[in-house]
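In the working numbering, the protein residues as written are 6 to 481.
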């Protein structure tokens, strides 16, 4: 037991002496504060300022810059190489350095050695100087493989963007045209002795609208005035995209007219116009030589502009239903057109007009443009009438004015009749058979409406008998 106690005391005393020694060492060699901390990135040719300080006066200040021999710095010391002392003086504990023109050879570990005035040893501080160097080449863009680099709608595409040999790592990003693609994961590797590499990955489910867009791999770097970029254009195959019934307005009888449409499809579809029972292919005319089609023109990747020209619009042309069939290896779509000599409707009428036309076509019968416009106008008139009726009834105007006056007179008449037929209590009239005796609750109030037999029972015979009695009792 005594041995264990002795060992414990020895351990405690050992720990005490270690703490005292470390404290004394820390007092003798105070920590150097360096700004900027840990590392600094600077471009070639730019100035750099580094400040090292401790809380006691200094006897000496020495710095080690990569690629140069150690330099002893003093205040007001002339400088021929652009490296000079920076600070408020050694007595303040500051050992700073200003480098007027950073060179590529300065890349590496910077050290400053500060000697306190009451010490014969130096305290060292350090900093990593990163002299920026841009990637020498454009970034590398890799895409997941597809046959002939042609993708289909719904395909998943994997993308990778890398920038090599940059110092520090370049900031790389992936874009679809100007849309930033979210990163799946990114990896930034940096080595102080070698050049660095930055990589970013992304994925996307392709839609038909992505066709013709550019995947852009962009690298930004502190040493670059403008970003570097690599890009590839997407080829997305998709069937002709559906559209609602297309209405065309403003045709004039006797004048030339054009039916046009823009169809989205890739690759280019074959177009066939169907007018009644007749089919007209691209660049051909119908049997009557009145209708002529043009060859589809690609205005943008996957966007095709087609026309059907009418040399002289007739009334019968506005009664026909025109169909454009677009077919490519990905699918077939039909587009329906209606013509009208009416002016173009505005605002919500366009939407309502299109809905009515689509509904009629879906039900298997076709309404001409004039009939559809008539329906639209009729609905608007009906809504206006309903609104006016509700307003008139609520305010008692127009045809509801007489009813309102009648209701007011009826309410006023009922009150007057009640007062006229109040029969005061009279003991002499207890035997009168014409007076209806009603029990009134104690403390209550007689209801004049219930007292009046004329209003309660609607008996005119009692009223007549009362009038006869009044005549009989009149003195002569």
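Glycine residues also receive a C-beta, built at the ideal position from the N, C-alpha and C atoms.
These figures come from a predicted structure and were not determined experimentally.
In this chain, the beta strand (DSSP E) harbouring residue 168 covers 161–171.
No residue range can be given for residue 175, since it is assigned to no beta strand (DSSP E) and is classified by DSSP as neither H nor E. Looking at 315, 350 and 84, the one whose alpha-carbon comes closest to that of residue 264 is 315.
Rounded to whole angstroms, the Cβ separation of residue 148 and residue 273 is 24 Å, and the two are not in contact under 8 Å. Spanning the alpha carbons of residue 184 and residue 248 requires a straight line of approximately 26 Å.
Just measuring C-alpha positions, the residue of 292, 320, 279 and 46 sitting nearest residue 312 is 279. Residue 252 counts as buried, since no fewer than 16 other beta carbons sit within 10 angstroms of its beta carbon. Each residue's CA atom was taken as its position, placing residue 84 and residue 139 some 31 Å apart. The alpha-carbon of residue 298 is positioned some 16 Å away from that of residue 344.
Rounded to the nearest angstrom, the gap between the Cα atoms of residue 35 and residue 120 is 10 Å. Within its own chain, the residues whose Cβ lies closer than 7 Å to the Cβ of residue 112, once the five positions on either side in sequence are excluded, are 71, 134, 135 and 136, listed in chain order.
For a cut-off of 8 Å, the C-beta gap from residue 56 to residue 101 is around 4 Å, short enough to register as a contact. Residue 130 and residue 38 have their C-alpha atoms spaced approximately 7 Å apart.
Taking 8 Å as the cut-off, the beta carbon of residue 269 is found no closer than this to the beta carbon of residue 262. The secondary-structure analysis by DSSP pairs residue 309 across a beta bridge with 268 and 303. Its Cα nearest to that of residue 346, the residue 325 stands out among 203, 325 and 331. The alpha-carbon of residue 159 is positioned some 6 Å away from that of residue 210. Looking from the CA of residue 146, the closest CA among 128, 127 and 179 belongs to 179.
Remark: C-beta atoms of residue 338 and residue 309 do not approach each other more closely than 8 Å. Assignment of residue 253 by DSSP, reduced to helix, strand and coil, places it in the strand class. Judged by DSSP in its simplified three-state form, residue 101 adopts strand. In this structure residue 44 is not in contact with residue 107, their Cβ atoms being roughly 14 Å apart against a cut-off of 8 Å. By the CB criterion at 8 Å, residue 144 and residue 177 fall inside the cutoff. Within the DSSP secondary-structure output, residue 146 pairs in a beta bridge with 166.
Straight-line measurement puts the Cα of residue 66 at about 7 Å from the Cα of residue 79. Burial is judged here by how many other beta carbons sit within 10 angstroms of a residue's own beta carbon; residue 167 has at least 16 and is buried. In its chain, beyond the 5 residues on either side, 52 and 87 have a beta carbon closer than 7 Å to the beta carbon of residue 105. Note: residue 121 is bridge-paired with 63 in the DSSP secondary-structure output. A distance below 8 Å separates the beta carbons of residue 164 and residue 208.
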